[in-house]
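Here's the structure we're looking at; comments come further down.
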Amino acid sequence: MIEEHEELPRPPLGAAMWRGLRGLCPSCGEAGLFARYLRQVESCPACGEDLGHIRSDDAAPWLTILVVGHIVVPLMFSVERFSTWPDWVSMVVWPLVALALVLVVLPRAKGLLLSIIWATKAPGSERD
Ligand SMILES: [Zn+2]
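Okay, structure coming up:
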């Protein structure tokens, strides 16, 4: 563990984004970025970097909708074109597929955006 006041060199933006996408601390990549599903840790347990003050607000849901929509809608049109299943199956399957993808993509989108905000020192902090 590194001392709290020791300043680590910031990684390049791409490395920080890759770490955030995997739910890891954008600074060191050794500890998790989230304490729970979408609640980020106050500070990294490995390097001590303060992360709890960064806010991505509505950007993570926006990115999630963008990604999931671009996966589910073409998939739905492709499958529905040739399927012979009843309408009620479609009305059950596609919302469940979309929900499952949202649950997978949302924390990754938030991790990615938090890491971009952290790496670029962009506004998005409650301290600014
Ligand atoms: Zn760290």
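If you count the sequence shown from 1, you need to add 6 to reach my numbering. Don't be surprised by glycine CBs; every beta carbon is placed ideally from N, CA and C.
Q. What first and last residue would you give for the alpha helix (DSSP H) that runs through HIS76?
A. 65-88
Q. Would you say SER33 touches ligand 1, meaning its beta carbon is less than 7 Å from a heavy atom?
A. SER33 Cβ: within cutoff of ligand 1.
Q) Can you check whether the CB of ALA65 is closer than 8 Å to the CB of LEU119? A) yes
Q. Is there at least one non-hydrogen atom of ligand 1 closer than 7 Å to the beta-carbon of GLU55?
A. The answer is yes for GLU55.
Q.
Let's test the definition: count the other Cβ atoms within 10 Å of the Cβ of VAL110 and tell me whether it reaches 16, buried, or not, exposed.
A. Note on VAL110: under 16 other CB atoms within 10 angstroms of its CB, so exposed under the neighbour-count rule.
Q: Write down the C-beta distance between MET23 and ILE123 rounded to the nearest angstrom, noting that I regard them as a contact closer than 8 Å.
A: So it is not a contact: roughly 11 Å between Cβ atoms.
Q) Candidates LEU44, SER49, ARG45: which alpha carbon is nearest GLU36's? A) SER49
Q: Would you identify the three-state DSSP class for HIS11, choosing helix, strand or coil?
A: The predicted model places HIS11 with a pLDDT of 49, which falls under 50 and marks its position as unreliable; any figure quoted below should be read in that light. When DSSP states are grouped into helix, strand and coil, HIS11 belongs to the coil group.
Q) Under the rule that 16 or more other beta-carbon atoms within 10 Å means buried, what is ALA20, buried or exposed? A) At residue 20 the sequence reads Gly, which differs from the Ala that was named. The residue in question, GLY20, is exposed, as its Cβ has fewer than 16 Cβ neighbours within 10 Å.
**Q.** Distance between ILE60 and ALA128 (C-alpha atoms, nearest Å)
**A.** Going by the C-alpha atoms only, they are around 9 Å apart.
Q. What residues in its chain sit with their C-beta under 6 Å from that of HIS11, if we drop five residues either side in the sequence?
A. In this predicted model, HIS11 has a pLDDT of only 49, less than 50, meaning its place in the structure is not dependable enough to derive any value.
Q: Could you check if PRO92 is buried or exposed, using at least 16 other CB atoms within 10 Å of its CB as the buried criterion?
A: exposed
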